[in-house]
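This report concerns only the one structure given below.
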Amino acid sequence: MTLLDGDAAAATPVDDIVLSVRDLRVWYGTARGAVRAVDGVSFDLRRGETLGLVGESGCGKSTLGRGVLGLLPDAAKVAGEVRFRGEDLVTMPRRRLRALRGPHLGLVFQEPMTRLNPLMRISDHFFETLHTHQRGATKAQMRQQALDALGAMGIPPTRFTNYPHEFSGGMRQRIMIALALVLNPAFVVADEPTTALDVLVEAQIIAILNDIKKNFDTSILLITHNLGIIAEACDRVAVMYAGRIAEQGAARPTFSHPAHPYTRELLASTISLSTTELHYIPGAPPDLIDPPSGCRFHPRCPDAMRVCPTRHPPTTITQLDQRVDCWLHGPDELIPPGGTAPLDREDIGVAHEA
Ligand code: SF4
Numbered sequence: 001m002t003l004l005d006g007d008a009a010a011a012t013p014v015d016d017i018v019l020s021v022r023d024l025r026v027w028y029g030t031a032r033g034a035v036r037a038v039d040g041v042s043f044d045l046r047r048g049e050t051l052g053l054v055g056e057s058g059c060g061k062s063t064l065g066r067g068v069l070g071l072l073p074d075a076a077k078v079a080g081e082v083r084f085r086g087e088d089l090v091t092m093p094r095r096r097l098r099a100l101r102g103p104h105l106g107l108v109f110q111e112p113m114t115r116l117n118p119l120m121r122i123s124d125h126f127f128e129t130l131h132t133h134q135r136g137a138t139k140a141q142m143r144q145q146a147l148d149a150l151g152a153m154g155i156p157p158t159r160f161t162n163y164p165h166e167f168s169g170g171m172r173q174r175i176m177i178a179l180a181l182v183l184n185p186a187f188v189v190a191d192e193p194t195t196a197l198d199v200l201v202e203a204q205i206i207a208i209l210n211d212i213k214k215n216f217d218t219s220i221l222l223i224t225h226n227l228g229i230i231a232e233a234c235d236r237v238a239v240m241y242a243g244r245i246a247e248q249g250a251a252r253p254t255f256s257h258p259a260h261p262y263t264r265e266l267l268a269s270t271i272s273l274s275t276t277e278l279h280y281i282p283g284a285p286p287d288l289i290d291p292p293s294g295c296r297f298h299p300r301c302p303d304a305m306r307v308c309p310t311r312h313p314p315t316t317i318t319q320l321d322q323r324v325d326c327w328l329h330g331p332d333e334l335i336p337p338g339g340t341a342p343l344d345r346e347d348i349g350v351a352h353e354a
């Protein structure tokens, strides 16, 4: 194991990195105190790479996706760095950020019906987006661009002037993807793009995401709670728990040899055709106003040790190049004597399966 020095800087050629997030923090003030929805997240995204962000509901995935694009409500406070091709999206003027969204940064939303205006034809959605960012383009040019983007998603030109309600849920989601990609952005956040779709349509969307990666060199941050989608569509995976990334690495080795107990528990809870007994993670994700001390997963972790509630584990790198925050991977010199003894469960009050 190697102890990372400071942040999660990767040994990647710098010019290959499209997006570099360092120590990103997002919090909201409430009457009970600050909700730390994202609390010190770092990762890199390379050109043409898809990074899957996975975790239970309420772990901060969507806040992170929107925080990266500067799309959070005004009440949110943001600190840290989000470097897109060298420019910091956190500190840049809003006007500049708005100009980058569309031609450079894209977002595919969870529920297309709430994002497509039911009173506007699909053609008008495209003309509006294209006109905002390509003032000099003629209507014929914009129409061709829109039809090309829709065609790449399998939507025929005959449907160009239809209204959103005239499409199925899967087609609406493909239209949303076409809208996000029509200006060929370098980076796209896809936030639960297959939620509420049946498995056949879900498979189509995954195939489309794979095509985008191959044909357009687009970098994608794919947010989902579905590990199967990550396995099929992502090069790398980042597992988020309670506002932090517990583990990140290449998708295949991370799924075959998960380094963090939370990743292991998530994988064990996935239902497949071979499932004979349901597994669940005891307890619930913590309150982000007052999260557990030390490693935030310790009240639910089957491997928790005495050191775990005392301080947050530093990031270490495994032999499979996973970056993992867990005392099981050391560094031993930072663990106090007796720290590796099992944590007394009675102090925590969460029962674990034998
Ligand atoms: Fe479990 Fe401790 Fe690792 Fe946290 S640091 S995941 S509590 S073993």
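When the letters of the sequence shown are read in order and numbered with the numbering used here, they come out as residues 1 to 354.
The beta carbon of each residue, even a glycine, is placed where N, CA and C say it ideally should be.
Just to confirm my understanding: we take Arg-32, look at its own chain, exclude 5 residues before and 5 after, and list those with CB closer than 8 Å. What are they? The beta carbon of Arg-32 lies closer than 8 Å to those of Ile-289 in the same chain, with the five residues before and after it left out.
Where does Ala-190 sit, in a helix, a strand or coil, going by DSSP? Ala-190 sits in a strand when the DSSP states are folded into three classes.
Touch check for the region 199 to 210 and the region 230 to 238: three-plus C-beta pairs under 8 Å? With contact defined as three or more Cβ pairs closer than 8 Å, the region 199 to 210 and the region 230 to 238 are in contact.
Thr-138, enclosing alpha helix (DSSP H) - first and last residue: Neither: Thr-138 is in no alpha helix (DSSP H) and is coded neither H nor E.
Is it buried or exposed for Pro-258, if we count other Cβ within 10 angstroms and need 16 for buried? Pro-258 sits buried, since 16 or more C-beta atoms from the chains shown fall within 10 Å of its C-beta.
Shell residues, 5 Å Cβ cut-off relative to heavy atoms of the ligand SF4: Going by the Cβ distance cut-off, the answer is Pro-261, Cys-295, Phe-297, His-298, Cys-301, Asp-303, Ala-304, Cys-308, Pro-313, Cys-326, Trp-327 and Leu-328.
Bridge partner(s) assigned by DSSP for Thr-50: DSSP lists Ile-220 as partners of Thr-50.
Can the beta-carbon of Ile-155 be found closer than 8 Å to that of Ile-175? With respect to the 8 Å criterion, Ile-155 and Ile-175 are classified as neighbours on the basis of their beta carbons.
Cβ shell of Gly-338 (< 7 Å), same chain only, five flanking positions each side left out: Once the five neighbours on either side are set aside, the close Cβ partners of Gly-338 are Arg-306.
To the nearest angstrom, report how far apart Gly-106 and Pro-185 are at their CA atoms. For the pair Gly-106 and Pro-185, the Cα-to-Cα distance works out to about 6 Å.
Beta-carbon proximity list for Val-108, same chain, < 6 Å, skipping 5 on both sides: Excluding sequence neighbours, Val-108 sits near Met-176, Ile-177, Ala-180, Ala-190 and Pro-193.
I need the straight-line Cα distance from Ala-238 to Arg-252, nearest angstrom please. Taking the straight line from one Cα to the other gives about 12 Å.
Candidates Ile-229, Thr-254 and Gln-134: which alpha carbon is nearest Ile-317's? Answer by Cα proximity: Thr-254.
For the alpha helix (DSSP H) holding Ile-230, just list the boundary residues, first then last. For Ile-230, the enclosing alpha helix (DSSP H) starts and ends at 227 to 233.
So, using beta-carbon positions, are Lys-77 and Ile-223 closer together than 8 Å? No, these two residues do not count as a Cβ contact at 8 Å.
Give the DSSP-derived three-state secondary structure of Thr-109 in the structure shown. It is Phe, not Thr, that sits at residue 109 in the sequence shown. Three-state result, Phe-109: coil.
Pull up the distance between the alpha-carbon of Gln-173 and that of Phe-297, whole angstroms please. Phe-297 has its alpha-carbon roughly 34 Å from the corresponding atom of Gln-173.
Residue nearest to Pro-93 in terms of C-alpha spacing, selected from Ala-149, Arg-85, Gly-70 and Asn-117: Ranking Ala-149, Arg-85, Gly-70 and Asn-117 by Cα distance to Pro-93 puts Gly-70 first.
From Ala-354 to Thr-310, what does the alpha carbon distance come to, in whole angstroms? The predicted model places Ala-354 with a pLDDT of 40, which falls under 50 and marks its position as unreliable; any figure quoted below should be read in that light. One Cα belongs to Ala-354, the other to Thr-310, and the distance between them is close to 25 Å.
Distance check for Ala-304 and Glu-87, CA to CA, integer angstroms please. Cα-Cα distance, rounded: 40 Å.
Alpha carbon of Asp-198 to alpha carbon of Glu-111, nearest angstrom: Going by the C-alpha atoms only, they are around 14 Å apart.
Does the contact criterion of 3 or more C-beta pairs under 8 Å hold for the region 321 to 341 versus the region 266 to 277? Counting Cβ pairs under 8 Å, fewer than three are found: no touch.
Considering only the alpha carbon of each residue, which of His-133, Phe-187, Leu-97 and Asn-215 lies closest to Met-153? For Met-153, the nearest C-alpha among the options comes from Asn-215.
Let me make sure I understand the geometry here. Which of Ala-146, Thr-138, Arg-135 and Lys-139 has the alpha-carbon closest to that of Phe-126? Checked all of Ala-146, Thr-138, Arg-135 and Lys-139; the closest Cα to Phe-126 is Ala-146.
Can you name, in chain order, every residue of its own chain whose Cβ lies under 7 Å from the Cβ of Ala-8, other than the five neighbours on each side? Residue placement at Ala-8 cannot be trusted, given a pLDDT of 44 that sits under 50; what the coordinates show is reported in the next sentence. The answer, listed in chain order, is Ser-42, Phe-43, Thr-315 and Arg-323.
Over what stretch of residues does the alpha helix (DSSP H) that includes Thr-263 continue unbroken? Counting along the chain, the alpha helix (DSSP H) containing Thr-263 begins and ends at 261 to 268.
When you compare only the Cα positions, how much space is there between Val-188 and Ile-220? A direct Cα-to-Cα measurement between Val-188 and Ile-220 gives close to 5 Å.
Beta-carbon proximity check, Thr-129 vs Val-90, cutoff 8 Å: Not closer than 8 Å, so no.
Extent of the continuous alpha helix (DSSP H) to which Phe-255 belongs: Its alpha helix (DSSP H) spans residues 251 to 256.
Residues near Leu-72 in its chain [Cβ-Cβ closer than 8 Å; skip 5 each side]: Val-26, Thr-63, Arg-66 and Val-78.
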